[in-house]
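My numbering puts the first residue of the sequence shown at 10, with every later residue one more than the last.
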Amino acid sequence: MKKQELAIGTVNKFYLSFCLLFCLSTFSVFSQESVVKINHEGKEFTQLKHAWTSQWITHPTESTLDARKFLFRRTFDLKAMPEKFIVHLSADNRYRLFVNGKYIISGPSSSDINNYRYETIDIANELIVGKNIIAAEVVNFGEYRKASSMTFQTAFILQGEKSNPVDLNTGKASKWKVINDEGFKSIPFVSDSLRGYYAAGPGEKLISKKHQWGWKEIDYDDVNWLEPKLATVEFAVGRGFLYGSTWYLVPRSIPFLEESVQRFNKIARSVGIDANDDFIKGKGSITIPPNKKVSLLLDQSHHTIGHPELKYSKGKESRIKVTYSEAMYDKDWKKGNRNEVKGKHILGYYDIIEPDGGMNREFKPFGQKTYRFVQLDIETGEEALLIDDFYGVYTAYPFKENAKFKTDNEVLTQIWDASWLTLRNSAVESFIDPYYEQLQYVGDTRIEAIVSISVDGDDRLMRKAIEMFDNSRLPNGLTQSRYPSYIVQVIPTYSLLWVNMLHDYHMYKNDDEFVRKFIPGMKNVMDWWTAKVDKNDMPTNMEWWNFTDWAQGYPNGIPPGADDGYSASVALQFVKTLQNAARIFSDLGYNEEAEKYLELEKRIRQSVVKNCFVKEKGMFAETPNKKQFSQHTNIMAILTDAIPKEDQKALMHNILDDKDLIQTTIYYKFYLFEALQKSGLGNLYSSLLQNWTNQLDQGLTTFAETDINPRSECHAWSASPNYHFLKVVAGIYPLSKNFEEIAIAPHFGDLKGFEAVMPHPNGDIVVNLKKKGNKVKGEIVLPKGTTGIFKFNNREIKLTEGKQIIKQ
């Protein structure tokens, strides 16, 4: 196979501007550091495991099932400052909490009704002697809510610790007050209007003249507010409760999200006004004269997520439409180079603001927004409108870039950085695709999770994902393909990937008891699949959607034969999962099940060889009729050892060279590169990244869902280079469970050297190597309590904990 060099020219221009602008425009701290956010790692306060003493409350007359925003407030007096003032709270469906007018936190963490999350915080530092106010706005988008929003009815609950000097518990006669925010309306969207399947919820409309301005402040007059009523099922209970309920409350298991001010980079286009950029720099206002139509296109300069905040004054009878888009479109609905806006228009979901003429108004949508470009379309009435400020609040899981991968190849650095931004923008309270769906899919999540633990080391979001998929299980034993989601979707191959995700955790992290909890669930998945294996030792009569990849030649992502016969691709996916499950079960002492899985995988593997291997081509066909061939099936043949190890290198060359094969997309390249390493061709890895460099050349700052005309501009199943730079190039991967034994098997390719750091449960793995000819030298540091093997040029050196010099 001819190596293709990585072009640097256009990409370098992107990289320099992107890095500079991203670093300068992002991350002045926005979250409230004075509030103690108690992350109890899923461990419940004893008093909350059974029945709470507080009760769920809601609006006494408004619908609790339709789209509504309820405002709750409670004033109270303090005679002295408490050392601690701990409260536990939750809401259906989302809330923001304020103390003395100051924003504190939002929640609850994403979940389902049977595992409904609550947060715990200490607000003592926000309180004052005398009169105080605690307030919450609670929103539910009703029938228009995003697919991941699990809801029973709009309601709010708060409970303080008994040691608090004032009882703030919600419930009957609790001194809380409520009002419906009549200034809030939802704007539903349909998929056709956004040119792609859409499930991320509605936009929001703020009718300023109907909103309760100042409602969060101590001196606000709430005389016309109402006493809340108890929710339909008012009992607040944990999962230790004796009787049935609705929301079964469990503590938040992940840290609070990072919230940081992020300023727009520039005004990319203005129509109807000569605009200066003071209002996006926080340096002043922009005035829109009366009776004007104005359009301002803002460019963030890179892909981002969060909650924009727009501050405005005056402008009675004006209308502001705020449209959010990942990219601009030309007249043929093509995106082209993302840095170019001339001749292009915006398409995306939007919010609407109707000013009332008042001063110092602000709009902050509840829904997460994803964008690079934001367009303000403004129409004023008889009064001029002032846009006082406009910025984003970057809101994401607080991952840190603890890993390092440095080389003399600038393009690889660019791919590393963009991959990491892709992962960060796809991780909030779960792993999601941030624009169109905001749903957590197993196939995406497996890759996102292993990238996250490889670069950060923090496994809490991965653990939560594993648990949520287990909670999604249907009576037939399969997990749902995406969860949480009130719309059930089943992809049996994704249930296999859930088991493989557990295997990843088992190998990279050190918590056997966590993995052991999912033994019954893994058995359920394997039992469903085993029942599909017929007398010919291959799965058949498959139900549901057996998605594998969005490849041309795989209709709707389904391999040939998967729906109506035999599919080698699907069979080998099951084989690989049986092998991984056997490893888990054996390591945890379930030897009988492990042996059963190994016996079954051997039978299926042999059947695939018998029925689908074409000796003349040296490749596996898609089905026993042997008419179609794909990269996918032959990748799985390598990963499962369906083809002998001594023949895997030749097969891998065929996979790479034969362009008549059904080709993998950027998603399934993850598995292609796994097979590349396993077959002994890891040195080719750095020359096979054209899918990623092509996107950088097109001005993308994150990596997309697919290679050609992507719907989503940020899809972290394409963030796999962060993982493979460490696993393939640096050669760092576990040889035993819990990462106790470590392989260092570098593949330099055309690189002269690299520096790599990877977090490990016991510390950092450090690999600093240089290559000259066939010789390598440098140093390796392994964490305490580990051993390893250095593999290079068919030689092996045993490694121990601590620093060791390599010279070979």
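Even for Gly, the Cβ is constructed at its ideal location relative to N, Cα and C.
Count the other CB atoms within 10 Å of the CB of residue 558; is the residue buried (16 or more) or exposed (fewer)?
The residue is buried, with at least 16 neighbouring Cβ atoms inside 10 Å.
Check each candidate in 130, 413, 300 and 438 and name the one with the smallest Cα separation from residue 406.
438
Just confirm the distance between the C-beta atoms of residue 261 and residue 127, as a whole number of angstroms; I'd bet it's less than 8 angstroms.
Confirmed, Cβ separation roughly 7 angstroms.
Below 9 angstroms between beta carbons: does that hold for residue 294 and residue 397?
Cβ distance < 9 angstroms, so residue 294 and residue 397 count as in contact.
Quick check on residue 634 - is its C-beta less than 9 angstroms from some C-beta in chain C?
Reference to chain C is not applicable here, since this structure consists of a single protein chain.
With DSSP run on the structure shown, which of helix, strand or coil describes residue 153?
helix
What residues in its chain sit with their C-beta under 6 angstroms from that of residue 362, if we drop five residues either side in the sequence?
215, 329 and 372
Endpoints, alpha helix (DSSP H) assigned at residue 580:
In the DSSP annotation of this structure, the continuous segment of the alpha helix (DSSP H) that includes residue 580 starts and ends at 577-596.
Whole angstroms are fine: how far does the CA of residue 488 sit from the CA of residue 821?
Because the chain is modelled from 10 through 817, residue 821 falls outside the range shown and cannot be assessed.
Report yes if the C-beta distance between residue 318 and residue 400 is below 9 angstroms; otherwise report no.
yes
So, residue 501 versus residue 555, is the Cβ gap smaller than 9 angstroms?
yes
With 16 other CB atoms within 10 Å as the buried threshold, where does residue 368 fall?
exposed
The segment 158-169 touching the segment 94-105, judged by at least three CB pairs closer than 8 angstroms:
yes
Within the continuous beta strand (DSSP E) that includes residue 334, where are the two ends?
328-334
Helix, strand or coil, according to DSSP, for residue 462 in the structure here?
helix
Suppose you measure from the CA of residue 632 to the CA of residue 625; what does that come to, to the nearest Å?
16 angstroms
Cβ distance (whole Å) where residue 5 is taken to contact residue 773 below 8 angstroms:
This structure cannot settle anything about residue 5, because the visible part of the chain is limited to 10 through 817.
Alpha carbons only, please: which of 327, 314 and 436 is nearest the one belonging to residue 378?
314
So, using beta-carbon positions, are residue 96 and residue 168 closer together than 9 angstroms?
In this structure, residue 168 lies closer than 9 angstroms to residue 96 by Cβ.
Counted within 10 angstroms of its Cβ, other Cβ atoms place residue 713 as buried (16 or more) or exposed
That one is buried.
Start and end of the beta strand (DSSP E) containing residue 768?
762-769
First through last residue of the alpha helix (DSSP H) which encompasses residue 478:
469-480
Please name the residue in 68, 113, 118 and 105 whose C-alpha comes closest to that of residue 473.
118
Once the 5 residues before and after residue 585 are set aside, which same chain residues still bring their CB inside 6 angstroms of it?
Taken in chain order, the residues that qualify are 648 and 649.
Can you tell me where the alpha helix (DSSP H) with residue 539 in it begins and where it stops?
528-540
How about residue 646 and residue 590: are their beta carbons less than 9 angstroms apart?
Their beta carbons are not under 9 angstroms apart, which means residue 646 does not touch residue 590 by this criterion.
For residue 720, three-class secondary structure by DSSP:
coil
Per DSSP, residue 139 forms a beta bridge with which residues?
87
Can you tell me the Cα-Cα spacing of residue 724 and residue 246, whole angstroms?
37 angstroms
Just how far apart, CA to CA, sit residue 735 and residue 525?
In this structure, the CA atom of residue 735 is about 28 angstroms from the CA atom of residue 525.
I'd like to confirm the pairing. Which residues does DSSP put opposite residue 190 in its beta bridges?
None; residue 190 has no bridge partner.
Does the Cβ-Cβ distance between residue 451 and residue 478 come in under 9 angstroms?
yes
Over the uninterrupted beta strand (DSSP E) stretch that includes residue 239, give me the two end residues.
Counting along the chain, the beta strand (DSSP E) containing residue 239 begins and ends at 238-246.
Distance, Cα to Cα, residue 412 vs residue 431?
16 angstroms
If you measure between the beta carbons of residue 441 and residue 447, is that distance less than 9 angstroms?
yes
Quick check on DSSP: helix, strand or coil for residue 312?
Three-state result, residue 312: strand.
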